[in-house]
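Enquirer:
In the numbering used here, the protein residues as written are 3 to 183.
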């Protein structure tokens, strides 16, 4: 119980976190609601922009859509449990598990969630909202990276060179130079 209390207190105060964009949570909620409303309305009711569904068989859409949804759930659960479920005595750059593959696995999980739903329905209207979501998540992740650079300096710069921001590297070899900051 004392450990949970300490964790909650640290999360509220951000003692072990670098910080978030002031509109990050609200913006994510707005984008999620906008995506859900657009996807549901277009997929199930109006069907204005779902005409590509006639060309893509369910046998292709369902496995790929479900794969994206499962991957999204894994990244979200793992990333959130590491960031908010573990108590760190000393703040530092998190490099383990999903954070060793991409720098923003929790935001990536959100992108993949929307993508999984898009694959299942092929709603072009929802795809437009998905692109807006990607742009917004990229914007707030860049802001958070500036905070992390200010707090952890060279340690975070090294992490940025070694771990890609969004798309995992196919090779297991660590790259000493990265074109992506």
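Cβ coordinates follow ideal geometry from the N, Cα and C atoms, glycine included.
For residue 12, name the three-state secondary structure that DSSP assigns.
Expert: Low per-residue confidence applies at residue 12: pLDDT is 38, beneath 50, and the placement is therefore not dependable enough to give any value.
Enquirer: Excluding the 5 residues flanking residue 122 on each side, which residues of the same chain have their C-beta closer than 6 Å to its C-beta?
Expert: Answer for residue 122: 63, 67, listed in chain order.
Enquirer: For my contact list, residue 137 and residue 41 are in at a C-beta cut-off of 8 Å; report their separation, rounded to the angstrom.
Expert: About 18 Å separates the two Cβ atoms, so there is no contact after all.
Enquirer: For the candidate residues 21, 173, 94, whose alpha-carbon lies nearest to that of residue 156?
Expert: When each option's Cα is compared against that of residue 156, the closest is 94.
Enquirer: Using a Cβ-Cβ cut-off of 8 Å (strictly less than) and excluding sequence neighbours within five positions of residue 2, which residues of its own chain qualify?
Expert: The structure shown does not extend to residue 2, since the chain is modelled only from 3 through 183, so no value can be given for it.
Enquirer: Is residue 110 buried or exposed, if buried means 16 or more other CB atoms sit within 10 Å of its CB?
Expert: By the neighbour-count rule (16 or more Cβ atoms within 10 Å), residue 110 is buried.
Enquirer: Using DSSP with H/G/I as helix, E/B as strand and the rest coil, what is residue 3?
Expert: The pLDDT assigned to residue 3 is 35, lower than 50, so where the model puts this residue is not dependable; a value taken from the coordinates is nonetheless given after this. Three-state result, residue 3: coil.
Enquirer: Using three-state DSSP, classify residue 85 as helix, strand or coil.
Expert: Residue 85: helix per DSSP, three-state reduction.
Enquirer: Using the three-state DSSP reduction, which class does residue 105 fall into: helix, strand or coil?
Expert: In the structure shown, residue 105 sits in coil (DSSP, three-state: anything other than H, G, I, E or B).
Enquirer: Using only alpha-carbon positions, find the residue among 118, 146, 171, 27 that is nearest to residue 70.
Expert: It is 118.
Enquirer: Can we say the region 69-84 touches the region 46-60, given the rule of at least three CB pairs closer than 8 Å?
Expert: No: the two stretches stay apart, fewer than three of their Cβ pairs being nearer than 8 Å.
Enquirer: Residues in the same chain with beta-carbon distance under 7 Å from residue 168, minus the five sequence neighbours each way, listed in chain order, please.
Expert: Answer for residue 168: 104, 106, 110, listed in chain order.
Enquirer: Which two residues bound the contiguous alpha helix (DSSP H) that contains residue 48?
Expert: Premise fails: residue 48 is in no alpha helix (DSSP H) and is neither H nor E.
Enquirer: Identify which residue in 100, 126, 134 has its Cα closest to the Cα of residue 170.
Expert: Per the Cα distances, 100.
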